[in-house]
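Q: In this note's numbering, the protein residues as written are 74 to 417.
Structure incoming, see below.
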């Protein structure tokens, strides 16, 4: 069976960009030179390209629908991010189909098939890291894709919105180094994710700038689900030379990690200085309040919607965009100079 032509096939044959084809299909989305418009329309006719329902909705001014694919709604970060994105979409009159993958590539693949059947205009997603061919196919069919929080390195033409992961990890590590700590542990997400790799690299860069060797045993990249954060913390504390500083850069494992510290009776910051990523309300209610990297959920949601809507309307220039939002570091009472930290 012959493969149906895609919007990329039209663009390549006509010698124009995908955004130009999008503007031809959606006349209100931006200007196109008359000669170029005729070329595109001719190629559309020759190839037998049929615009998806989403494109017709856009040109007709009907309500648009986008897909929102998040990995784990039991993770407070993603639950709050999804809430912000849905709220932002509704403010633009956009309907949202919410899917969750539970960090499972197979569930993600099913979700993408469902969204394709629903003829969504765009997809905002936190990818699992797999399904590269399915993501590419989605784009080939003219679906506008924006990754938020994470990306997939092999997909180089996808818009991405995230925090400054490298800088955030580097800044928090530098803060502890500035307090005199040299054995700083990092509990972060899997190295298979872009966020996990970036945060490890930022941690390493802070050590390099301070001419400190990195003990690889102090770096624990753990899954997002389960109690792996607590297990990692328990293992770190059992080392012959345990850390005096701890950065939990895996948002899903913050509660598990802190729970283990409480269970074993670690005094913060007297025995261990602690920084965690994300600013759940309970982090400020801890005794002492935890120092945090606060991730700007509102900005992540706003930029994600701006990108997917801009792509749907053909208003953005060609080429992928990377928007990295600065995350604030809030120093509270969970960190202390090494001289005030008991070496256990």
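Positions of the beta carbon are idealized from the N, C-alpha and C atoms, including for glycine.
On a predicted model such as this, the values are computed, not experimentally measured, just so you know.
With a CB to CB cut of under 6 Å and the five nearest residues on each side skipped, what residues in its chain are close to residue 364?
A: Along the chain shown, read from residue 1 onward, the residue named residue 364 stands at position 291. Around residue 364: 348, 404, 405, 407, 408.
Q: Should the region 238 to 245 be called in touch with the region 266 to 285, which here means at least 3 C-beta pairs below 8 Å?
A: Between the region 238 to 245 and the region 266 to 285, the count of C-beta pairs closer than 8 Å reaches three or more; the two stretches touch.
Q: In whole angstroms, what separates the C-alpha of residue 251 from that of residue 314?
A: Here residue 251 refers to the residue found at position 178 of the chain shown. Here residue 314 refers to the residue found at position 241 of the chain shown. Roughly 20 Å separates the two Cα atoms.
Q: To test your reading of the DSSP string, which unbroken alpha helix (DSSP H) runs of 4 or more residues are found completely within the region 260 to 310?
A: 267 to 282, 301 to 310
Q: So what does DSSP say about residue 126, is it helix, strand or coil?
A: The residue you call residue 126 lines up with position 53 of the chain shown. Unreliable placement is indicated for residue 126, whose pLDDT of 49 sits below 50; the coordinate value is still reported in the next sentence. Three-state result, residue 126: helix.
Q: Excluding five sequence neighbours on each side, which residues of the same chain lie with their C-beta closer than 6 Å to the C-beta of residue 232?
A: Locating residue 232 in the chain shown gives position 159, counting from the first residue. For residue 232, where only same-chain residues beyond five positions count, the Cβ hits under 6 Å are 219, 380, 393, 394.
Q: State the Cα-Cα distance for the pair residue 290 and residue 308, rounded to the nearest angstrom.
A: The residue given as residue 290 occupies position 217 in the chain shown. The residue given as residue 308 occupies position 235 in the chain shown. Taking the straight line from one Cα to the other gives about 10 Å.
Q: Relative to the C-alpha of residue 253, which candidate in 268, 205, 280 has its C-alpha closest?
A: Against the chain shown, residue 253 aligns to sequence position 180. When only C-alpha atoms are compared, the closest one is 280.
Q: Taking three-plus beta-carbon pairs below 8 Å as touching, is the region 181 to 196 in contact with the region 207 to 227?
A: With the cut-off at 8 Å, the region 181 to 196 and the region 207 to 227 touch.
Q: Do residue 93 and residue 113 have their C-beta atoms within less than 8 Å of each other?
A: Translated into the one-based positions of the chain shown, residue 93 becomes position 20. Translated into the one-based positions of the chain shown, residue 113 becomes position 40. Yes.
Q: Is residue 95 helix, strand or coil when you go by DSSP?
A: For this step, residue 95 is matched to residue 22 along the chain shown. Looking at residue 95 - three-state DSSP - the assignment turns out to be helix.
Q: In chain order, which continuous runs of the beta strand (DSSP E) of length 3 or greater are located wholly inside the region 125 to 203?
A: 137 to 143, 167 to 173, 195 to 198
Q: On the CB-based measure, 16 or more other CB atoms within 10 Å of its CB, does residue 260 come out buried or exposed?
A: Position 187 of the chain shown, counted from the first residue, corresponds to residue 260. Flag for residue 260 reads buried.
Q: Could you tell me whether the Cβ atoms of residue 264 and residue 322 are closer together than 8 Å?
A: For the purposes of this step, residue 264 is taken as residue 191 along the chain shown, with counting starting at 1. For the purposes of this step, residue 322 is taken as residue 249 along the chain shown, with counting starting at 1. Not in contact: residue 264 and residue 322 (Cβ atoms no closer than 8 Å).
Q: Rounded to the nearest angstrom, what separates residue 418 and residue 88 at their Cα positions?
A: Outside the shown range of the chain, which is 74 to 417, sits residue 418, and nothing can be said about it.
Q: With DSSP as the reference, label residue 403 as helix, strand or coil.
A: The residue given as residue 403 occupies position 330 in the chain shown. Note: residue 403 maps to strand in three-state DSSP.
Q: Quick check on the burial criterion: 16 or more other C-beta atoms within 10 angstroms. Buried or exposed for residue 427?
A: What is shown of the chain runs 74 to 417, which leaves residue 427 out entirely.
Q: Helix, strand or coil: how does DSSP classify residue 105 here?
A: Within the chain shown, the letter at position 32 stands for residue 105. In this structure, residue 105 counts as coil in the three-state DSSP scheme.
Q: Quick one: what's residue 258 bridged to in DSSP?
A: Within the chain shown, numbered from 1, the residue matching residue 258 stands at position 185. Beta-bridge annotation (DSSP): residue 258 is paired with 319.
Q: Would you call the region 293 to 305 and the region 328 to 337 in contact, with 3 or more CB pairs under 8 Å?
A: yes
Q: Quick one: what's got a C-beta closer than 6 Å to residue 320's C-beta in the same chain, skipping five residues either side?
A: The sequence position of residue 320 within the chain shown is 247, counting from 1. For residue 320, where only same-chain residues beyond five positions count, the Cβ hits under 6 Å are 245, 259, 348.
Q: Would you call the region 220 to 228 and the region 194 to 201 touching, i.e. three or more CB-CB distances under 8 Å?
A: yes
Q: Of all the alpha helix (DSSP H) runs that stay within the bounds of the region 336 to 409, which reach a length of 4 or more residues?
A: Those alpha helix (DSSP H) runs which fall completely within the region 336 to 409 and span 4+ residues are 354 to 358, 370 to 385.
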